[in-house]
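Following: one structure in structure tokens, then a few remarks.
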Amino acid sequence: MTRDGARRRTARIRERLDRTSETGNPATANDLAGPFRFLFWLARSQSRRIAWGGVLGTLWMVGLAVPPWVLSRAVDEGLVARDTRALIRWALVLLVVTVLNALLGIARHRTMTKVRMDASFRAVRAAVGHTSRLGASLPGRVSTGEVVTVGIADVYTVAMALTVAGPGVGAVVAYAVVAVVLFTTSPLLAAVVLAGVPLLAVAVGPFLQRIERTGGEYRVHQGRLTTRLVDVLAGLRVLNGLGGKAFVAERYEQQSQGLVGHGYRVAGPASWVGALSTGLPALFLAAVVWLSARMAATGSITIGEVVAVYGYVAVLVVPVSAFIEGGGDIARARVAGQRIIDLLNLPAIRDNQPKGEVLPTGCGPLADPASGVIVRPGSLTALVAARPAETRSVIERLGRLSTDDARATWAGVPIDDVARAELRRRLVVADNDAEIFAGTVREVIAGRLEPDDSRIRAALRVAVAEDVVEALPGGLDATIAADGSDLSGGQRQRIRLARAVYAAPDVLLAVEPTSAVDANTEAAMIDRIREARRDTTTVITTSSPLVLDHADEVVVLVDGKTSSVGTHAELLRTDSYYRELVSRGQDDR
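In terms of the UniProt record's numbering, the sequence shown has 381 at position 381, counting the first letter as 1, and numbering is strictly consecutive.
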């Protein structure tokens, strides 16, 4: 199959899965109450396919027990009785049964593959949808490596566990059918079979518990190491410049070796489960065959029945192995499922109202009851605190990026009640962690708005980013790599600010917009921001005296609450805490 054909086939499968999906996300909080409830939601969402997989799995596994019975008839009625016609007849029956079983096996495998794909796509869709709802609050609440590991390893592990629905159901029914058939042959053999499987479960149980325990530890360390890898790759250019690449590589090697050690602790019980899933059924088979041979020697059963018993017990190896492997899959899925629901249980920001209140005309005032911050309309307000997280929390509440219950207001209207499109049009949060998508300078600065070259150049000037564009071949048509990886930290910061300025919002909330530039550039940036946004509201978090001196009003936060308000000069005279804070910030810079 060509590459294009394979892509079209994958697309058709995904479309079919989407059409047959009953729901795209967990319906209730109970679906996220635990890993087993999450697995049940994945199964319930494709209940018809799961049921069909169980039917096919049952027919296939029960079908495996038919050939031994047919073979026993061929032995007793054909070979022992020396009846060639009977032998040929039963041989043809055996051929037909084998072909039908092969077809059932193919159908079962295709169905369970669809089950895995549906569960995998559904879990990924739920995780991606929820991370998009978390929005800008995601990086501060869960690491990038954790998200990557959930979206790849955990989703695959959970999807694999759903295949138990087919082989698992089939194994139970096949086990019961074989036990009944054996009972008609010999109650003693049936008793041995019925007692054997529980003994196997007892032998494997402790290993499954250990897989679950060690698997949880391994999963935590795997997420941390993936986070470290993402951070290293993102900062590789900086490490090259500082000469720290060898040191970081050595540290990563040490940590990866630690992960290998945790992997060995998981692999130990997992290998025992794999060995026991093959070895114990073989011992079980040997014991039953020995017993049936002794019974044949005494004349209790016929030679054909001995062949049938051997076939029945050999067939039981399949469901017994399915029991053991399924138990291992479920144990691993319980660990992986917990990580997925931990992500899905993170409270999302309240930013999904398609309709709501209309914001009043003007630029505020904005009020944050949690901190007591009040931003006057048309002013340049600076927020300063000893801990940057305190000022950032105020920005997140004012910008509706927080899950806090405190309801910030715009001219008395709760921001949480405002229509999403309306709020995002009139209020922009400029964050240094904001994504820069690959594209031309024109596309990056314009964002979701129509590009206007004169306005783009004006926005670049306000952000003092003209030199960034001039250094790129092609000017506004120059291409910027994903996440601005071909730019320096200060250049990325100015490009992000230019993008926010181009949106021309009534309210601009900027988090440390000048932290990565030199003093001369910083002075030019704050002068131009003040001039360009003279009639609109701008809030900046900073500890830079240069920025604070240009602010119309400075709000000082202590323990997340407003401590004092005034101009930079006033606070220097009257607030000793502010003087110390500004002095410390100047020393840091």
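All C-beta atoms, glycine included, are put in the ideal place defined by N, C-alpha and C. The structure displayed is predicted, hence computed values, not measured ones.
Excluding sequence positions up to five away, which residues of its chain have a Cβ less than 7 Å from the Cβ of residue i?
i      : result
Val169 : Gly54, Gly57 and Thr58
Ala532 : Val462 and Val501
Arg426 : Leu359, Pro505, Asp506 and Val507
Val150 : Ala127, Arg339, Ile340 and Leu343
Ser379 : Thr537, Asp552 and Glu553
Val413 : Glu357, Leu359 and Pro360
Ile529 : Val462 and Thr538
Ile456 : Arg442, Ile445, Ala446, Leu476 and Tyr502
Gly560 : Ser371, Glu390 and Ser393
Please tell me whether residue i and residue j are closer than 8 Å, where the distance is taken between their beta carbons.
i      : j      : result
Ser564 : Leu571 : yes
Leu548 : Ala385 : no
Val555 : His568 : no
Val164 : Gly337 : no
Leu346 : Tyr175 : no
Thr440 : Asp477 : yes
Asp76  : Thr298 : no
Leu64  : Val307 : no
Val148 : Leu383 : no
Trp52  : Gly105 : no
Ile436 : Gly364 : no
Ala190 : Leu182 : yes
Ala471 : Ala498 : no
Val192 : Leu283 : no
Gly372 : Ala411 : no
Val511 : Thr541 : yes
What separation, rounded to the nearest whole angstrom, lies between the Cα atoms of residue i and residue j?
i      : j      : result
Ser543 : Arg133 : 31 Å
Arg407 : Pro545 : 31 Å
Leu366 : Ala446 : 26 Å
Leu167 : Ile480 : Looking at the sequence provided, one finds Pro at residue 167 rather than Leu. Whole-angstrom Cα-Cα distance: 51 Å.
Glu305 : Tyr312 : 10 Å
His550 : Ala523 : 9 Å
Val62  : Pro187 : 20 Å
Gly78  : Trp69  : 13 Å
Leu460 : Gly261 : 51 Å
Pro451 : Gln254 : 49 Å
Val468 : Ala519 : 17 Å
Asp154 : Ala161 : 11 Å
His109 : Pro35  : 25 Å
Arg387 : Ile50  : 53 Å
Met525 : Asp416 : 32 Å
Phe323 : Ser45  : 24 Å
Thr111 : Ser393 : 49 Å
Asp431 : Glu390 : 15 Å
Val288 : Arg122 : 44 Å
Ala474 : Tyr577 : The question names Ala, but residue 474 in the sequence shown is Gly. Their Cα atoms are separated by approximately 49 Å.
Thr131 : Ile152 : 15 Å
Ala438 : Val96  : 59 Å
Ala286 : Gly129 : 53 Å
Arg424 : Ile395 : 14 Å
Ala293 : Val178 : 18 Å
Within a Cβ cutoff of 6 Å, which residues of the same chain sit near residue i, ignoring the five residues on either side of it in sequence?
i      : result
Arg73  : Trp90
Ala80  : Looking at the sequence itself, residue 80 is Val, so the reference to Ala does not match. Nothing meets the Cβ criterion.
Ala434 : Arg496
Arg579 : Leu572
Ser120 : Val155 and Ala159
Arg492 : Gly484
Glu22  : Residue confidence for Glu22 is low, a pLDDT of 41 falling below 50, so the modelled location carries little weight and cannot support an answer.
Val517 : Gly490
Leu487 : none
Ala107 : Leu56
Val99  : none
Using a Cβ-Cβ cut-off of 8 Å (strictly less than) and excluding sequence neighbours within five positions of residue i, which residues of its own chain qualify?
i           : result
Leu94       : Pro67, Val70, Leu71 and Ala74
Arg141      : Leu134 and Leu346
Ala296      : Thr302, Ile303, Glu305 and Val306
Asp31       : Arg37, Phe38, Phe40 and Trp41
Asp83       : Glu77
residue 593 : Since the first residue of the chain shown is 1 and the last is 589, residue 593 is not available in this structure.
Hey, does residue i have any beta-carbon neighbour from chain B nearer than 8 Å?
i      : result
Tyr577 : Absent from the structure: chain B. Only one protein chain is present.
- prompt: In chain order, which continuous runs of the alpha helix (DSSP H) of length 4 or greater are located wholly inside the region 485-516?
  reply: 489-502
Secondary structure, alpha helix (DSSP H): runs of 4+ residues fully inside the region 412-450: 420-426 and 441-446
- prompt: Which parts of the region 453-486 are runs of the alpha helix (DSSP H), unbroken and 4 residues or longer, counting only runs that do not cross its ends?
  reply: 453-462 and 466-470
query: Quick one: any contact between the region 110-117 and the region 83-99, if contact means 3 or more CB pairs under 8 Å?
result: no
- prompt: Which ranges does the beta strand (DSSP E) cover as unbroken runs of at least 3 residues, wholly within the region 521-575, from first to last along the chain?
  reply: 537-541, 553-558 and 561-566
Unbroken stretches of the alpha helix (DSSP H), 4 residues or longer, contained in the region 32-114: 35-44, 47-64 and 66-73
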